[in-house]
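Down below is the structure, laid out as structure tokens.
Take a look at the structure:
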């Protein structure tokens, strides 16, 4: 086990009974780092994932999302992200055979540089080959902001990348291979994603973290004002039926809630109070068929424990019907990522 004992002790200050422990869940967004991905997050490997998914909620499957881990260190630059897919595919197979596994990795979303244009087709084909049947799509982070106080995306995107002809030439290669696009951006960029989604209505797009709310730097202290613009932009995006939304990823430092700086981590009631209206607005716009709760672990683990976070999601969803809750917690992710049922 590689988790930081001091941070774990901090999280353990807030222990809650697990709500509705029998509810089947697919967690469609987590990462793995075999080597430290950041001084803040440290190593997060399969044992760490099992420790979190085994904290009381019934996490049947997960989907790994790219995080620039285990890239190849030699060979053509565009092929180096294949190392991540190779590593996670091996972890997915291990999660299926280990008797102590608390979940199974059912899908993989890796990275390919769509700015390669049509040449990216060879990279995508290679991902499918080494992915051992788990590969579902790619993420090319578009998160960019002019402020020097905002860290731009881990793929170092240029400004207005989603609108560029070169990027779209690469994007056009996804649908023919049955692959989805994972959209990680910041909230001012949502209109760019809407433009992309309308240009490629046959490509499945998954918006990460409800559109990337930024609450630090020039955006600090302006939450109500920014939410008004976010609601407007999300309403336009919702008209694109090829777009689904992940409900989560709002406990990161960039979101500006500063829970990671406190003496005690967030409780589920605090998460509900801060995020309920945001998630319910997404569900109202996109419907349960196009929304799915996500953990974004271990990044959101900086602020809240896994068990507490899923308690918050269950409290937020309590007013929906059983069928709607099944889609929010499992069904939408199963369909969007074309996951196999577990025997």
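In the numbering used here, the protein residues as written are 1 to 343.
We treat Cβ as the ideally placed atom computed from N, Cα and C, and that holds for glycine.
Only a predicted model underlies this, so the values are computations on that prediction, with no experimental measurement involved.
{"Check": "Residues bridged to residue 207 [DSSP beta-bridge criterion]", "Outcome": "183 and 245"}
{"Check": "Nearest to residue 116 (by Cα), restricted to the options 89, 172 and 46", "Outcome": "172"}
{"Check": "Exposure label - residue 6; buried when at least 16 CB within 10 Å", "Outcome": "exposed"}
{"Check": "Collapsed DSSP secondary structure at residue 27 in the structure displayed", "Outcome": "strand"}
{"Check": "Cross-strand partners of residue 291 (DSSP beta bridge)", "Outcome": "245"}
{"Check": "Reference residue 324, options 338, 194 and 286, closest by Cα", "Outcome": "286"}
{"Check": "Meets three-Cβ-pair contact criterion under 8 Å: the stretch 21 to 30 and the stretch 284 to 304", "Outcome": "yes"}
{"Check": "For residue 106, the first and last residue of its enclosing alpha helix (DSSP H)", "Outcome": "From DSSP, residue 106 is part of no alpha helix (DSSP H) but of the beta strand (DSSP E) over 104 to 110."}
{"Check": "Residue 316 - containing alpha helix (DSSP H), residue span", "Outcome": "306 to 316"}
{"Check": "Proximity to residue 121 [Cα-Cα], best of 197, 169 and 16", "Outcome": "169"}
{"Check": "Contact set for residue 81: own chain, Cβ-Cβ below 7 Å, skip 5 residues either direction", "Outcome": "71, 110, 111 and 112"}
{"Check": "Cβ-Cβ distance between residue 210 and residue 150 below 8 Å", "Outcome": "no"}
{"Check": "Whole-angstrom distance between residue 233 and residue 239, CA atom to CA atom", "Outcome": "10 Å"}
{"Check": "The stretch 258 to 266 in contact with the stretch 223 to 231 per 3-pair CB rule at 8 Å", "Outcome": "no"}
{"Check": "Exposed unless 16 or more other CB atoms sit within 10 angstroms - verdict on residue 301", "Outcome": "buried"}
{"Check": "Three-state secondary structure (DSSP) of residue 61", "Outcome": "strand"}
{"Check": "Host beta strand (DSSP E) of residue 137 (start-end)", "Outcome": "135 to 139"}
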